[in-house]
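Protein chains in written order, with the working numbering: chain P, 88 to 238; chain F, 88 to 238.
Cβ coordinates follow ideal geometry from the N, Cα and C atoms, glycine included.
Computed from a predicted model, the values in this text were never measured in an experiment.
There are 2 protein chains.
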Amino acid sequence: MDQKVMSGMEATEAFEETASVSTMLRKAGLRPTRQRIALAELLFGSGDRHLTAEELHEEAMREPVAVSLATIYNTLHQFTAAGFLREVIVDGSKTYFDTNTSNHHHFFVEDTGDIIDVPGTVPALDVLPIAPEGMEVTRVDVIVRVRRASH
Amino acid sequence: MDQKVMSGMEATEAFEETASVSTMLRKAGLRPTRQRIALAELLFGSGDRHLTAEELHEEAMREPVAVSLATIYNTLHQFTAAGFLREVIVDGSKTYFDTNTSNHHHFFVEDTGDIIDVPGTVPALDVLPIAPEGMEVTRVDVIVRVRRASH
DNA sequence: CTGTGTGCAAACTCTTTGCATAAGT
DNA sequence: ACTTATGCAAAGAGTTTGCACACAG
Numbered sequence: 088m089d090q091k092v093m094s095g096m097e098a099t100e101a102f103e104e105t106a107s108v109s110t111m112l113r114k115a116g117l118r119p120t121r122q123r124i125a126l127a128e129l130l131f132g133s134g135d136r137h138l139t140a141e142e143l144h145e146e147a148m149r150e151p152v153a154v155s156l157a158t159i160y161n162t163l164h165q166f167t168a169a170g171f172l173r174e175v176i177v178d179g180s181k182t183y184f185d186t187n188t189s190n191h192h193h194f195f196v197e198d199t200g201d202i203i204d205v206p207g208t209v210p211a212l213d214v215l216p217i218a219p220e221g222m223e224v225t226r227v228d229v230i231v232r233v234r235r236a237s238h
Numbered sequence: 088m089d090q091k092v093m094s095g096m097e098a099t100e101a102f103e104e105t106a107s108v109s110t111m112l113r114k115a116g117l118r119p120t121r122q123r124i125a126l127a128e129l130l131f132g133s134g135d136r137h138l139t140a141e142e143l144h145e146e147a148m149r150e151p152v153a154v155s156l157a158t159i160y161n162t163l164h165q166f167t168a169a170g171f172l173r174e175v176i177v178d179g180s181k182t183y184f185d186t187n188t189s190n191h192h193h194f195f196v197e198d199t200g201d202i203i204d205v206p207g208t209v210p211a212l213d214v215l216p217i218a219p220e221g222m223e224v225t226r227v228d229v230i231v232r233v234r235r236a237s238h
């Protein structure tokens, strides 16, 4: 986005996008600060995304409104608590955040570290065994690890 | 296990256990060192286990043959490469190793960090979608996150 | 103004690595 | 002897934290 004042249609669109993001943040009890608005636009501005904190940080640094890594982490966790994001654990080292919070599962490409949504709803959930006595299921994560076919 | 010399039946059992562990290690191309034998006995001496490096290290420190943390990590990875262990990723921070390498899935108790095997073979695998073009599935991990029932 | 949010740097956890010493065959 | 394994301490990656300053309402 341009740092200069925009005119006409563009300005209106940008205003409306920012306005809706602000509303979303307020509903979650989060002050719509410059940083949070910028991050929300990066995260939710285009389709489903799977990002690490570092990746989001790199994107944010290219924006007019720079955001520190500490704020990236704060924001990712606040957005997760607010239900805007879902944490995906596929790799022992880094944590991925998924902008698609609906019930779905993941391909994890081992060579590249990419995460891809498994399309459609997986019926596996219904088939799974009941939790141990006195326990309730909070979530089921299915990770399909894939690699480039060898032949 | 006692540090003193054992007699009769016990000594024979211990010898045989060590002997079979040594054989197992040799077959995997690993020299049966004191440390690897001690760790193998801790890991495989009693039923299915789910351990982190730290947990195994604590157990190993109580043994007559102490093992450094670096060796714990080396050994866990070598055992995994040899097919004696399977890595389980349920938590972003630490890595668990499972002595049950057969095709099964896991409950993860969020409150305590415990891992429990899901009994039986889960049919979810057959239902899962095909990998993206040019990709082949290496493994499917299913983690059923549970917590103490709230009511 | 008042309280929440942000940024920096330091701290922390888990894991890996380099290299000298020890142990297995 | 010859080679591989071990242990230590240092380094590394990712993430969290404490506190002064900045900003939103």
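- Counting only unbroken stretches of 3 or more residues, the beta strand (DSSP E) elements lying wholly within the stretch 141-213 of chain P are 173-175, 183-185, 193-196 and 201-204, in sequence order.
- When C-beta atoms of the stretch 194-202 of chain P are compared with those of the stretch 188-195 of chain F, fewer than three pairs fall below 8 Å, so the two segments do not count as touching.
- Annotated three-state conformation of P/E128 is helix, per DSSP.
- Here P/V154 is buried: its Cβ has 16 or more other Cβ atoms, across all protein chains shown, within 10 Å.
- Considering only beta carbons, the part of the stretch 165-191 of chain P lying closer than 9 Å to chain F consists of E174, I176, V177, D178, G179, S180, K181 and T182, in chain order.
- At least one CB of chain F lies nearer than 8 Å to the CB of P/D228.
- Between P/V224 and F/I176 a beta carbon distance of about 19 Å is seen, past the 8 Å cut, so the two are scored as non-contacting.
- Contact check for P/I230 and F/D201: beta-carbon distance about 20 Å, past the 8 Å limit, so the pair fails to qualify.
- In the three-state reduction of the DSSP assignment, P/L117 falls in the coil class, being assigned neither a helical nor a strand state.
- For the pair P/V152 and P/E220, the Cα-to-Cα distance works out to about 50 Å.
- Residue contact check for P/G200 against chain F: no CB pair falls below 8 Å.
- Proximity of P/T225 to chain F, defined by a Cβ-Cβ separation below 8 Å, is satisfied.
- Here the alpha carbon of P/R123 sits roughly 14 Å from the alpha carbon of P/A140.
- Segment contact: the stretch 153-171 of chain P against the stretch 157-170 of chain F, fewer than three CB-CB distances shorter than 8 Å; contact not assigned.
- Looking at the DSSP output, F/V224 bridges to P/V233.
- Any Cβ of chain F closer than 8 Å to the Cβ of P/P151 would place that residue at the interface, and such an atom is absent.
- Interface with chain P (8 Å Cβ-Cβ cutoff): F/R232 is included.
- Between F/L126 and F/A157, the C-beta spacing is not below 8 Å.
- With 16 or more neighbouring CB atoms inside 10 Å of its own CB, F/A218 falls in the buried class.
- For F/M222, the chain P residues whose C-beta falls within less than 8 Å of its own C-beta are F194, V196, V233, R234, R235 and A236, listed in chain order.
- Looking at the DSSP output, F/L138 bridges to F/F184.
- In the three-state DSSP reduction, P/A218 falls in the coil class, being neither helix nor strand.
- At a cut-off of 8 Å between beta carbons, F/P219 contacts chain P.
- Exclusion of the five residues before and after F/T186 leaves L130, F131, D135, R136 and L172 as the residues of its chain whose Cβ lies within less than 7 Å of its Cβ.
- Within the model, the alpha-carbon separation for F/N190 versus F/F184 is close to 14 Å.
- Inter-residue distance for P/T182 and F/Y160 is about 22 Å (C-alpha atoms, whole angstroms).
- Not one beta carbon of chain P lies nearer than 8 Å to the beta carbon of F/I124.
- F/I203 has a beta carbon lying within less than 8 Å of a beta carbon in chain P.
- With a threshold of 16 other beta carbon atoms within 10 Å, F/R232 meets it and is buried.
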